Every structure is written in C-alpha cells, then in structure tokens.
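Peer 1: My questions will all concern the structure given below.
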Amino acid sequence: MNIVFKSKLGLELVIPLAIILGGMGILFLLQGIWPGLVIILGTSAFIIHTFLSTEYTVDASYLRVRSGIFFNKTIEIASIRKVEETNTLLSSPAMSLDRLEVFYNRFDSVIVSPKEKAAFIRQLQAVNDRIEVVLHDKSTRS
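Under my numbering, think of the first position of the sequence shown as 12, with each following residue one higher.
Shown next, in the form of structure tokens:
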C-alpha cells in the first residue's frame, strides 16, 4: 500500500526563482558570458529536478520523504507524534509555503508540503492513530 503524495508547487517560490534565474540567463546570453549562462542553466536544471521529484511516500510502516538527489529521509510512522500546519521559511523538502511540520521521535521534525494535505494526514493516522493534528486553516480540515 505505497501511496505517493507529490509536493505542492507554490508560486511564491517558483515565480521569484524564475525571474532571478531567467533574468540572469538573459543577461548572460545578451552579453555573451557563456560560463555564466552554463552555470545558470545547470542551476535551473537542478532546481527544476528538485521541484518535480519532491514526493512523500506512505506505506504500512514508513513515511519516505524524497527531494532531489540530496534529500532522502525515512521516518517510522509509529514514531510520529504530531503533524502541524506551518508557513515557516526554513529550508525543507517542501516546494510551497503551505506546509506541514511532522514531529517524530523526541526532538526531530521534517517540513513537507503535500498537494493533498488532508489525505496525507489521514493516511498517516490510518497507520498511527495517536498522531496529534494541529490545523490553523479551516480549508484543510476534511
């Protein structure tokens, strides 16, 4: 029963990155700064890959959080204590500012941004019904 939840893509993160990288790319192209253009294209490819590959997989025992080529975390669902809505700006495997913080073990947490927040929470609670859920936005309660 592997259920994959893709990360929500937030325009509040996509648009500024597109403007900055696109603007620099155009500037480097017009001025013939080829090494700079190569760096911008490589950076853009890396960011696009990270945005498109970020996902959260829930199975019978584990939550697997994957983002790009560098972030891959496996969390035992039985160790999850709480899931709380947050809009923190901390760096995380979340491609939107519409986020959930998953608290597990004693002091650990990871921030995620599944497209389907309510379904994600329900799936975690189906495995561990002791998970406390703290929601601040009424639209996610279903």
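We treat Cβ as the ideally placed atom computed from N, Cα and C, and that holds for glycine. Quick caveat, the model's predicted, so the values are computed rather than measured.
Have a look at residue 54 and residue 61 and give me their C-alpha separation to the nearest angstrom.
Peer 2: Residue 54 sits at position 43 when you count from the first residue of the sequence shown. Residue 61 sits at position 50 when you count from the first residue of the sequence shown. About 11 Å.
Peer 1: In the segment 76-130, which residue ranges form an unbroken beta strand (DSSP E) of at least 3 residues, counting only runs that do not cross its ends?
Peer 2: Runs of the beta strand (DSSP E) inside the segment 76-130: 82-87, 91-97, 110-115 and 119-123.
Peer 1: Starting from residue 14, trace the beta strand (DSSP E) both ways and give me its first and last residue.
Peer 2: Start at 1 with the first residue of the sequence shown, and residue 14 comes out as number 3. Start and end: 14-17.
Peer 1: Which residue's Cα is closest to the Cα of residue 80: 91, 72 and 64?
Peer 2: Here residue 80 is taken as the residue at index 69 of the sequence shown, counted from 1. For the residues 91, 72 and 64, the minimum Cα distance to residue 80 belongs to 64.
Peer 1: Can you check which of these residues, 49, 86, 74 and 34, is closest to residue 17 by C-alpha distance?
Peer 2: In the sequence shown, the residue the question calls residue 17 occupies position 6. Among 49, 86, 74 and 34, the Cα nearest to that of residue 17 is on 74.
Peer 1: Using a Cβ-Cβ cut-off of 6 Å (strictly less than) and excluding sequence neighbours within five positions of residue 147, which residues of its own chain qualify?
Peer 2: Numbered from its first residue, the sequence shown carries residue 147 at position 136. The answer, listed in chain order, is 96.
Peer 1: Once you ignore the five residues that flank residue 77 on each side, which residues in its own chain have a CB closer than 6 Å to its CB?
Peer 2: On the sequence shown, residue 77 is found 66 positions in, with the first residue counted as 1. Excluding sequence neighbours, residue 77 sits near 66 and 83.
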